[in-house]
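Chemist: If you read the sequence shown in UniProt numbering, its first letter stands for residue 1, the second for the next number, and so on.
Sharing a structure below in structure tokens format, with a few things to ask.
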Amino acid sequence: MRVILTGGGTGGHIYPAIAIGQAILKEWPKTEILFVGTKEGLESKIVPETGLAFKTVDVEGWRRQLSFQVFKAGWKALLGTRQAARIIREFSPQIVIGTGGYVCLPVVWSAARQGIPTVIHEQNALPGLTNKFLSRWVERILLTFPESEKAFPPKVKSKLNLTGLPVRPVILQTTREEGLKYFNFSPHKLTLLGVGGSRGAKSINQAFVYVLKRLASDSRVQVIHITGQSGYEEFKRDLAAAGIDLANCGNITIRPYLSQMEYALACADLCVTRAGATFLAEMTAKGVPAVLIPYPFAAENHQEYNARALVHAGAAEMILDKALTGQILLKSVQGILFAENRRKQMAVASKNAGKPDATEKILQVIRSLV
1 MRVILTGGGT
11 GGHIYPAIAI
21 GQAILKEWPK
31 TEILFVGTKE
41 GLESKIVPET
51 GLAFKTVDVE
61 GWRRQLSFQV
71 FKAGWKALLG
81 TRQAARIIRE
91 FSPQIVIGTG
101 GYVCLPVVWS
111 AARQGIPTVI
121 HEQNALPGLT
131 NKFLSRWVER
141 ILLTFPESEK
151 AFPPKVKSKL
161 NLTGLPVRPV
171 ILQTTREEGL
181 KYFNFSPHKL
191 TLLGVGGSRG
201 AKSINQAFVY
211 VLKRLASDSR
221 VQVIHITGQS
231 GYEEFKRDLA
241 AAGIDLANCG
251 NITIRPYLSQ
261 MEYALACADL
271 CVTRAGATFL
281 AEMTAKGVPA
291 VLIPYPFAAE
301 NHQEYNARAL
311 VHAGAAEMIL
321 DKALTGQILL
331 KSVQGILFAE
341 NRRKQMAVAS
351 KNAGKPDATE
361 KILQVIRSLV
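Pasting the structure below:
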């Protein structure tokens, strides 16, 4: 079997495609997989490191307002469509799977026009423009959130499959005991996890300084906070200015970045984070309740829609970034972390919202098409 994967721009589009590709290779080891992306996107760095074959097309996103950039993007879309059509003819795949981002448009559309089975995966509660356009052309539309269904036109309802977002196996396999051991934490304390994203989140870091000042001497809790590379040194300076000496605080661990997030999620009792779909899928697969602070500049404000879906499910509280202060964050954290019954109810709701079997459901759809 030959499969084309396409998606790009952000990690939220790239990592689900890689996870699907890895699952396909595990199920059908002789499969040839080609990932089609752009030279400028993160996929050009991330995908080759996985060992998947990689080719590019020339395409870029377009801004909503009329400008020269819109015409430039339109011209590139035409060029990218011709390139994608040629790649598809040469590779001759049995199926093409898109996971979002503007690169999906020429690749998936070209495959559909050539009569090749096509699938798109929508990570967010609010579907992106590309996937909404492609929905009329593809055979199957895979959803992460049930809230996404109403955003697609009625004529494509029969194509919708609520599969969830594929989660890395290591996330599901890592135990709480392994997570506690990794951080040298106590099994008798509650663990608070703060995550600002791979590039950090200044507003979350600033609010977390206030939270840590109140929790630094609390014997009931231990804290992991991931600041992001860009905010790490500033965060340490802010802690020092607030009178927090990390050398004398045995219950606080600060990291600029954590590649082994499976250990943190395995031992977390509560998570404070943005609302990117990939991380939320991993968090809910582990049944971790959350205080969500959606990134306010995400495309079409999709992170707020993701957060609202988990709030509606009873798995999270949401604080808008513009309303975030240390005092407000501390109140939410304490109101969940130290209220045992509520915390456990939210943990159950988080687990119910998670889709640990997402990968198998996606493979079932692929089997039905090839």
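Note that the Cβ used here is the ideal one computed from N, Cα and C, for glycine as well.
Being a predicted model, the structure only gives us computed values, none of them experimental.
If I'm right that residue 95 touches residue 57 with Cβ under 8 angstroms, what's the distance once you round it to whole angstroms?
Modeler: Within the sequence shown, numbered from 1, the residue matching residue 95 stands at position 95. Within the sequence shown, numbered from 1, the residue matching residue 57 stands at position 57. Wrong, their Cβ atoms sit about 18 angstroms apart, outside the cutoff.
Chemist: What residue does the beta strand (DSSP E) around residue 120 start on, and which one ends it?
Modeler: Sequence index remark: in the sequence shown, residue 120 carries index 120 (1-based). Taken as a continuous stretch (DSSP letters only), the beta strand (DSSP E) holding residue 120 covers 118-122.
Chemist: Can you tell me whether DSSP reads residue 98 as helix, strand or coil?
Modeler: As a first step, residue 98 must be located in the sequence shown, where it is residue number 98. DSSP places residue 98 in strand when its eight states are reduced to three.
Chemist: Is residue 24 closer than 8 angstroms to residue 31 when the C-beta atoms are compared?
Modeler: As a first step, residue 31 must be located in the sequence shown, where it is residue number 31. As a first step, residue 24 must be located in the sequence shown, where it is residue number 24. Yes; because the gap between Cβ atoms is below 8 angstroms, this pair is in contact.
Chemist: Helix or strand or just coil, what does DSSP make of residue 66?
Modeler: Locating residue 66 in the sequence shown gives position 66, where the first residue counts as 1. For residue 66, the pLDDT reaches just 47, beneath the cut-off of 50, and the residue's location in the model is therefore unreliable, leaving the point undetermined.
Chemist: Strictly by DSSP, which residues pair up with residue 222?
Modeler: The residue you call residue 222 lines up with position 222 of the sequence shown. 191.
Chemist: In the DSSP assignment, what residue or residues form a beta bridge with residue 37?
Modeler: Within the sequence shown, numbered from 1, the residue matching residue 37 stands at position 37. Paired residues: 56.
Chemist: With a CB to CB cut of under 8 angstroms and the five nearest residues on each side skipped, what residues in its chain are close to residue 129?
Modeler: Here residue 129 refers to the residue found at position 129 of the sequence shown. So the list reads 300, once near-sequence residues are dropped.
Chemist: Using 8 angstroms for Cβ pairs, my map puts residue 268 next to residue 193. What's the rounded Cβ distance?
Modeler: Looking up residue 268 in the sequence shown gives position 268. Looking up residue 193 in the sequence shown gives position 193. Between residue 193 and residue 268 the Cβ distance is about 4 angstroms, and since that is below 8 angstroms, they are a contact.
Chemist: Residue 404 by DSSP, collapsed to three states: which one?
Modeler: Residue 404 falls outside the range modelled here, since the chain spans only 1 to 370, and no answer is possible.
Chemist: Can you name the residues that DSSP bridges to residue 143?
Modeler: Reading the sequence shown from its first residue, position 143 is the one you call residue 143. 122 and 162.
Chemist: Report the rounded CA-to-CA distance for residue 196 versus residue 204, giving the unit in angstroms.
Modeler: Translated into the one-based positions of the sequence shown, residue 196 becomes position 196. Translated into the one-based positions of the sequence shown, residue 204 becomes position 204. In a straight line, the C-alpha of residue 196 is about 6 angstroms away from that of residue 204.
Chemist: Quick one: Cα of residue 372 to Cα of residue 248, how far?
Modeler: The first residue shown for the chain is 1 and the last is 370, placing residue 372 beyond what the model contains.
Chemist: I need the straight-line Cα distance from residue 97 to residue 250, nearest angstrom please.
Modeler: On the sequence shown, position 97 is the one that residue 97 refers to. On the sequence shown, position 250 is the one that residue 250 refers to. Their Cα atoms are separated by approximately 47 angstroms.
Chemist: Kindly indicate which residue of 49, 330 and 1 has the alpha-carbon position closest to the one of residue 214.
Modeler: Residue mapping note: residue 214 aligns to position 214 of the sequence shown, counting from 1. Of the candidates 49, 330 and 1, the one whose C-alpha sits nearest the C-alpha of residue 214 is 330.
Chemist: Since residue 362 and residue 142 are thought to touch, with beta carbons under 8 angstroms apart, how far apart are those beta carbons, to the nearest angstrom?
Modeler: As a first step, residue 362 must be located in the sequence shown, where it is residue number 362. As a first step, residue 142 must be located in the sequence shown, where it is residue number 142. At roughly 6 angstroms, the Cβ-Cβ gap stays under 8 angstroms, so residue 362 and residue 142 are in contact.
Chemist: Check each candidate in 101, 116, 15 and 29 and name the one with the smallest Cα separation from residue 59.
Modeler: If you number the sequence shown from 1, residue 59 lands on position 59. Residue 101 is the option with its Cα nearest to residue 59.
Chemist: Answer yes or no: do residue 210 and residue 327 have a C-beta to C-beta separation smaller than 8 angstroms?
Modeler: Against the sequence shown, residue 210 aligns to sequence position 210. Against the sequence shown, residue 327 aligns to sequence position 327. A Cβ-Cβ contact shorter than 8 angstroms links residue 210 with residue 327.
Chemist: Any idea which residues DSSP pairs residue 290 with across the strands?
Modeler: Position 290 of the sequence shown holds residue 290. DSSP, once it has assigned bridges, lists 271 and 316 as partnering residue 290.
Chemist: Starting from residue 253 and walking both ways along the beta strand (DSSP E), at which residues does that stretch end?
Modeler: Position 253 of the sequence shown, counting from 1, holds the residue named residue 253. Segment 252-255, the beta strand (DSSP E) holding residue 253.
Chemist: Give the range of the alpha helix (DSSP H) segment to which residue 227 is assigned.
Modeler: Taking the first residue of the sequence shown as 1, we reach residue 227 at position 227. Looking at the DSSP string, residue 227 is not in any alpha helix (DSSP H), and its letter there is neither H nor E.
Chemist: Pull up the distance between the alpha-carbon of residue 84 and that of residue 116, whole angstroms please.
Modeler: Against the sequence shown, residue 84 aligns to sequence position 84. Against the sequence shown, residue 116 aligns to sequence position 116. The straight-line gap from Cα to Cα measures roughly 13 angstroms.
Chemist: Using a Cβ-Cβ cut-off of 7 angstroms (strictly less than) and excluding sequence neighbours within five positions of residue 1, which residues of its own chain qualify?
Modeler: The residue given as residue 1 occupies position 1 in the sequence shown. The answer, listed in chain order, is 28, 31, 94 and 370.
Chemist: Assuming contact is defined by CB atoms lying nearer than 8 angstroms, are residue 355 and residue 290 in contact in what I supplied?
Modeler: Looking up residue 355 in the sequence shown gives position 355. Looking up residue 290 in the sequence shown gives position 290. Their beta carbons are not under 8 angstroms apart, which means residue 355 does not touch residue 290 by this criterion.
Chemist: Is residue 127 a contact residue of the ligand GDP, with contact defined as CB to any heavy atom under 7 angstroms?
Modeler: With respect to the ligand GDP, the structure shown offers nothing to examine, as it has no ligands at all.
Chemist: Nearest CA to the CA of residue 266: which residue from 171, 22, 342 and 229?
Modeler: Residue 266 sits at position 266 when you count from the first residue of the sequence shown. Closest option to residue 266, Cα to Cα, is 171.
Chemist: Would residue 36 and residue 14 be called neighbours here (beta carbons separated by less than 8 angstroms)?
Modeler: If you number the sequence shown from 1, residue 36 lands on position 36. If you number the sequence shown from 1, residue 14 lands on position 14. It is not a contact, given that the beta carbons lie outside the stated cut-off.
Chemist: To the nearest angstrom, how far is it from the Cα of residue 252 to the Cα of residue 339?
Modeler: Start at 1 with the first residue of the sequence shown, and residue 252 comes out as number 252. Start at 1 with the first residue of the sequence shown, and residue 339 comes out as number 339. Each residue's alpha carbon lies about 21 angstroms from the other.
Chemist: What residue range is occupied by the uninterrupted beta strand (DSSP E) comprising residue 4?
Modeler: One-based indexing of the sequence shown puts residue 4 at position 4. Annotation: the continuous beta strand (DSSP E) that includes residue 4 extends over 2-6.
Chemist: Could you tell me which residues DSSP pairs with residue 32 in its beta bridges?
Modeler: Here residue 32 refers to the residue found at position 32 of the sequence shown. DSSP lists 2 as partners of residue 32.
Chemist: What number of angstroms, rounded off, separates the C-alpha of residue 263 from the C-alpha of residue 257?
Modeler: Along the sequence shown, read from residue 1 onward, the residue named residue 263 stands at position 263. Along the sequence shown, read from residue 1 onward, the residue named residue 257 stands at position 257. Cα to Cα, the separation comes out at about 13 angstroms.
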